[in-house]
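In my numbering, the protein residues as written are 712 to 1113.
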Amino acid sequence: MQTNLVQQFANTPEGQEAESILRACVHCGFCTATCPTYQELNDERDGPRGRIYLMKMFLEGEEVTEKTREHLDRCLTCRSCETTCPSGVQYGRLVDISRGLMEKELPRSSTDKWMRWALGRVIPNRKLFGALLRLGQFFSPILPGKLRTKVPPKKQASPWPAASHERKVLALAGCAQPTATPNTNAAAARVLDKLGITMVEAPEAGCCGAVNYHLSEHELGLERMRQNIDAWWPAIEAGAEAIVMTASGCGAMVQDYGHLLKDDPAYKDKAKKVSELCTDIGAFLLKQDLDKLKIRQNPGKVAFHCPCTLQHAMKQSGVVEQVLTSAGVDLAQTRDKHLCCGSAGTYSVLQPEMSQQLLSNKLDALTMDNPDRIVTANIGCQMHLETKARVPVQHWIELLDQ
């Protein structure tokens, strides 16, 4: 694709990166076949190829309107198009860059601005999010029906193992997971304990930075990344062999720390090391002795939902299924595995109509074989799926902890 960026973008690192990505696109349109919003709306501007043209127009100085941004906002950033693209177009990076630059050039309405600001302050704040969630759970019985379904039921964590092993890995507690699904990391720690591995959380580590970064608050997102690097660094220096992610949404962001902080002289080397150590727990377990992880209780037929961040961003499609099958789990048949469930970080709040349609589609695809439960690998997907699912929804690592 030929490009001619205006000077205000052409001379910046972000503009140069965006131009390189644009030039990789050959307009083939393969991406439209796997784009969830294009499949629903059949509008070229709501598919990756059309959005690439819209971003190109913006970066080349052509007039952009609220309509332009509406089509970009409707993008889930699921990155299914990246998996399909034969030219290796880094669409996710292009969207992040373009949205960030557009935010400065085209101010949002006060209501929209306030909503995004609130999401960027509440979700990444573990204490505030936890307090509000507990409040919602307390008043859940008297909340209106639609609002009540948004509040996940209160969950308890299993005890963390007391033993300490020579092999150690780091984990990220994150922001929403400790309150919404507190058993996820506890179950992971117990599973790893069976393998002679100790999993530890760094108390000072918080939100991975994804919420703010994808809301175009890039500097705040980068600052959260630096805080996590500082929190993890002593354990990394002490020999932690991996940073094992139990939320693929966080894993997708942490694996990009090295790239996003490559121009920061104080953090670029540490960020590169953190990204190298980052791995999803499924990929980590696949390298261990899986004979020790045979399930003792039959969970019934299980449908696995592979989050977009796991299959398209972390490139781990099929890995969790291998681990579960090896452990003796009976996996149900599903369809449209490449399509997003509609959670997509803050998307379910900012684009509720499309999010709900995608959720209904995904649940139909996951329950075609009448499973007894649904498992997934990301906190956002888990919370989103259980708002409408008629069977239990949990993190897949909990099956191995039974």
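Glycine included, C-beta positions come from ideal geometry on N, C-alpha and C.
query                                                                                                                                                                                          : result
Taking the alpha-carbon of residue 1104 as reference, which of 1092, 1065, 1086, 1054 has the nearest alpha-carbon?                                                                            : 1086
So who's on the other strand from residue 956, going by DSSP bridges?                                                                                                                          : 991
Name the DSSP beta bridge partners of residue 1015, please?                                                                                                                                    : 1086
Nearest by alpha-carbon distance to residue 997: which of 822, 1033, 1041 is it?                                                                                                               : 1033
From what residue to what residue does the alpha helix (DSSP H) around residue 879 run?                                                                                                        : Counting along the chain, residue 879 falls outside any alpha helix (DSSP H), though it belongs to the beta strand (DSSP E) covering 878 to 882.
Could you check whether the region 997 to 1006 touches the region 932 to 948, counting it as contact only if at least three pairs of C-beta atoms, one from each stretch, sit closer than 8 Å? : no
From what residue to what residue does the alpha helix (DSSP H) around residue 1104 run?                                                                                                       : Per DSSP, residue 1104 belongs to no alpha helix (DSSP H); it is in the beta strand (DSSP E), 1104 to 1106.
Report the start-end ranges of each alpha helix (DSSP H) in the region 859 to 903 that is 4 residues or longer and not cut off at the edges.                                                   : 888 to 891
At which residues does the alpha helix (DSSP H) containing residue 808 begin and terminate?                                                                                                    : 802 to 816
Determine, using beta carbons only, whether residue 1053 and residue 926 come nearer to each other than 9 Å.                                                                                   : no
Check residue 826 in the structure and name its three-state DSSP category.                                                                                                                     : helix
Compute the beta-carbon to beta-carbon distance between residue 1027 and residue 1021, rounded to the nearest angstrom, for a pair I have assumed lies under 8 Å.                              : 5 Å
Quick one, which of 767, 1011, 763, 931 has its alpha-carbon nearest residue 1113's?                                                                                                           : 1011
To the nearest angstrom, report how far apart residue 766 and residue 817 are at their CA atoms.                                                                                               : 13 Å
Excluding the 5 residues preceding and the 5 following residue 746 in the sequence, name in chain order all residues of the same chain whose CB lies nearer than 7 Å to its CB.                : 758, 759, 791, 792
Give the DSSP-derived three-state secondary structure of residue 910 in the structure shown.                                                                                                   : strand
Find the nearest neighbour of residue 807 within the set 841, 1106, 732, judged by alpha-carbon distance.                                                                                      : 732
Using a Cβ-Cβ cut-off of 6 Å (strictly less than) and excluding sequence neighbours within five positions of residue 1073, which residues of its own chain qualify?                            : 1052
Kindly identify the DSSP beta-bridge partner or partners of residue 1041.                                                                                                                      : 1012
What is the residue span of the alpha helix (DSSP H) that residue 778 lies within?                                                                                                             : 777 to 784
Excluding the five sequence neighbours on either side, which residues of its own chain have a C-beta within less than 6 Å of the C-beta of residue 913, listed in chain order?                 : 942, 943
Which two residues bound the contiguous alpha helix (DSSP H) that contains residue 678?                                                                                                        : Here the chain has residues from 712 to 1113 only, and residue 678 is not among them.
Using 10 angstroms around the beta-carbon of residue 1063, count the other beta-carbons present and answer buried if the total reaches 16, otherwise exposed.                                  : exposed
Which same chain residues end up closer than 6 Å to residue 725 when comparing Cβ atoms and leaving out the 5 residues on each side of it in sequence?                                         : 808
Any idea if residue 805 is buried or exposed, counting beta-carbon neighbours within 10 angstroms, 16 or more meaning buried?                                                                  : buried
Return helix, strand or coil for residue 842, following the three-state DSSP convention.                                                                                                       : helix
I need the boundaries of the alpha helix (DSSP H) containing residue 968, first residue and last residue.                                                                                      : 968 to 971
Going by C-alpha to C-alpha distance, which of 1045, 971, 741 sits closest to residue 1078?                                                                                                    : 1045
Mind checking residue 928: buried by the 16 CB within 10 Å criterion, or exposed?                                                                                                              : buried
Please classify residue 991 as buried or exposed, where buried requires at least 16 other C-beta atoms within 10 Å of its C-beta.                                                              : buried
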